[in-house]
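Here this note's numbering is used: the first residue of the sequence shown is 372, the next is one more, and so on. Glycine included, every Cβ here is placed at the ideal spot set by N, Cα and C. Because the structure is a prediction, the values reported are computed rather than measured.
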Amino acid sequence: MTYTFLKAQGFEIGKSICEEEQLQYALDMVELARKNNVKLMLPVDIIVAREYAENAESQNVDINSIPADWEGMGIGKRPQKFIRQK
């Protein structure tokens, strides 16, 4: 649901999968986390590709820089490093 949370908060998500019917839920969860002083963990960068294909051109981008005609594929390099440290 990463891209649903990002879109609900106004980010461009390109052609990424989004659960449109869950946008309000995502906003509600962001607000609930804020009210309860809980850190909501969302990626700060992601891997995007022009298409969902094995040899598709891809790149790592900041969540503020998702190209409108590209699709999110997964977490980027910074979250990967964070997870590996845990």
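| message | Measuring alpha carbon to alpha carbon, tell me which residue in Leu377, Gln380, Lys386 is nearest proline 438. | response | It is Lys386 whose Cα lies nearest to the Cα of proline 438.
| query | Does DSSP classify valine 415 as helix, strand or coil? | reply | Valine 415 falls in the coil class under three-state DSSP.
| field | Cβ distance (whole Å) where tryptophan 441 is taken to contact valine 415 below 8 Å | value | Beta-carbon to beta-carbon, tryptophan 441 and valine 415 are separated by about 17 Å, too far to satisfy the 8 Å threshold.
| request: Starting from the C-beta of isoleucine 388, find all residues in its chain whose C-beta is less than 7 Å away, skip the five residues before and the five after it, and write them out in chain order. | output: Tyr374, listed in sequence order.
| Excluding the five sequence neighbours on either side, which residues of its own chain have a C-beta within less than 7 Å of the C-beta of lysine 448, listed in chain order? | Annotation for lysine 448: Asp416, Asn431 place their beta carbon closer than 7 Å to its own, counting only its chain and skipping 5 residues before and after.
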